[in-house]
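Trainee:
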Amino acid sequence: MHLNAEIPWERYALIADLIKRFHDQGTTLRKTALQKLVFLLQRVFTVDCDYGYTLYTYGPYCADLARDLDIVEGLGGAEVTYDGSCGGYEIRPGSTTDELRGRAADFLDQIAEPLDRLIADYGRSTAKDLELRSTIIYLAKPGRSTQELVRMVNGVKPHFTEAQIDVARRELEQNGYLAGAIAQAHALTAAR
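For the sequence shown, the positions run 386 to 577 when my numbering is used.
(1) Starting from Tyr446, follow the alpha helix (DSSP H) in both directions and report where the run begins and ends.
(2) What residue does the beta strand (DSSP E) around Val465 start on, and which one ends it?
(3) Using the rule of at least 16 other Cβ atoms within 10 Å of the residue's Cβ for burial, across every protein chain shown, is Glu498 buried or exposed?
(4) Do Val538 and Ile522 have their beta-carbon atoms positioned less than 8 Å apart in this structure?
(5) Do Leu403 and Leu425 have their C-beta atoms closer together than 8 Å?
(6) Label Gln427 either buried or exposed according to how many other C-beta atoms from any shown protein chain fall within 10 Å of its C-beta, with 16 as the threshold for buried.
(7) Exposed or buried, what is Asp468 when buried is set at 16 or more other beta-carbons lying within 10 Å of its beta-carbon?
(8) By the 10 Å Cβ neighbour count, where 16 or more other Cβ atoms means buried, how is Ser530 classified, buried or exposed?
(9) What is the residue span of the beta strand (DSSP E) that Pro478 lies within?
(10) Tell me which residues share the same chain as Ala564 and place their Cβ nearer than 8 Å to its Cβ, disregarding the 5 neighbours each side in the sequence.
(11) Can you tell me whether DSSP reads Leu426 as helix, strand or coil?
(12) Could you tell me whether the region 443-463 touches the region 393-403, where touching means 3 or more Cβ pairs closer than 8 Å?
(13) Are the CB atoms of Gly473 and Ala463 within a distance shorter than 8 Å?
(14) Alpha carbon to alpha carbon, how far is Leu515 from Asp483? Give it in angstroms, no decimals.
(15) Quick check: Arg486 and Ala401, are their CB atoms within less than 8 Å of each other?
(16) Measure from the alpha carbon of Tyr443 to the alpha carbon of each residue in Asp491, Arg488, Val541 and Arg502, then state which is nearest.
(17) Helix or strand or just coil, what does DSSP make of Leu414?
(18) What would DSSP say about Tyr562, mapped onto helix, strand or coil?
(19) How far does the alpha helix (DSSP H) with Thr482 in it reach, from first residue to last?
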């Protein structure tokens, strides 16, 4: 019996790279931030990680990414521990983080610029800030008016006021994230 299993080293390397980048800047990556940052990397910067997201309690969520983090942890590339003080999981480098990064070094080199920008823009953001911004990006579609977008986000995230949503939307627009997301949504729609 011959098994032909493709191992997604690029995905694992991306997770390991994000863990290392956070560690190197003196901050701790958490599960919620990992979900939102990879979502933004795909949707705004069109980095193809082949993760499918759905809108979940805390914004866009991908079960495959959660599974891949478990695999990276099992391979020694991450140490995931529960932090009761914040009610979330901390992700720190493991003994094989650099080895996993090395398995897809070419891929990481290709996406270094968008990763640098993403970490510079949102690497120190709170989970709540990332939840709001990633939800705005998730719901942004070609032809959707600003008011409609704000109302839709408020409908699924009523704990954010329309004023808070609009401030975050303007920030995303000024930084080019919103235009990138809408262009990507348009391309995905056209491809169907």
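Yeah, the Cβ is synthetic: ideal placement off N, Cα and C, and Gly gets one too.
Mentor: With the given structure in hand:
(1) Sequence index remark: in the sequence shown, residue 446 carries index 61 (1-based). Counting along the chain, Tyr446 falls outside any alpha helix (DSSP H), though it belongs to the beta strand (DSSP E) covering Gly444 to Tyr446.
(2) Locating residue 465 in the sequence shown gives position 80, counting from the first residue. Note, Val465: beta strand (DSSP E), Ala463 to Asp468.
(3) Translated into positions along the sequence shown, residue 498 becomes position 113. Exposed.
(4) As a first step, residue 522 is located in the sequence shown; it is residue number 137 there, counting from the start. As a first step, residue 538 is located in the sequence shown; it is residue number 153 there, counting from the start. No, the pair does not count as a contact, with Cβ atoms beyond the cut-off.
(5) Counted from its first residue, the sequence shown places residue 403 at position 18. Counted from its first residue, the sequence shown places residue 425 at position 40. No, the pair does not count as a contact, with Cβ atoms beyond the cut-off.
(6) Position 42 of the sequence shown, counted from the first residue, corresponds to residue 427. Result: buried.
(7) Position 83 of the sequence shown holds residue 468. Looking at its Cβ environment, which holds fewer than 16 other Cβ atoms inside 10 Å, Asp468 is exposed.
(8) Taking the sequence shown and counting its residues from 1, the one referred to as residue 530 is at position 145. Per the 10 Å Cβ criterion, exposed.
(9) Looking up residue 478 in the sequence shown gives position 93. It spans Gly473 to Pro478 - the beta strand (DSSP E) in which Pro478 sits, taken as one unbroken run.
(10) Translated into positions along the sequence shown, residue 564 becomes position 179. Only Glu558 meet the Cβ criterion.
(11) Walking along the sequence shown from the start, residue 426 turns up at place 41. If DSSP states are grouped into helix, strand and coil, Leu426 belongs with the helices.
(12) yes
(13) As a first step, residue 463 is located in the sequence shown; it is residue number 78 there, counting from the start. As a first step, residue 473 is located in the sequence shown; it is residue number 88 there, counting from the start. Result no, Cβ atoms of Ala463 and Gly473 do not sit closer than 8 Å.
(14) The residue labelled residue 483 in the question sits at position 98 within the sequence shown. The residue labelled residue 515 in the question sits at position 130 within the sequence shown. Each residue's Cα considered, the two are about 26 Å apart.
(15) As a first step, residue 486 is located in the sequence shown; it is residue number 101 there, counting from the start. As a first step, residue 401 is located in the sequence shown; it is residue number 16 there, counting from the start. Cβ distance < 8 Å, so Arg486 and Ala401 count as in contact.
(16) Locating residue 443 in the sequence shown gives position 58, where the first residue counts as 1. Among Asp491, Arg488, Val541 and Arg502, the Cα nearest to that of Tyr443 is on Val541.
(17) By one-based count along the sequence shown, residue 414 stands at place 29. Reduced to three states, the DSSP call for Leu414 is strand.
(18) For this step, residue 562 is matched to residue 177 along the sequence shown. It is helical.
(19) By 1-based counting over the sequence shown, the position of residue 482 is 97. Element bounds for Thr482: Thr482 to Gly487.
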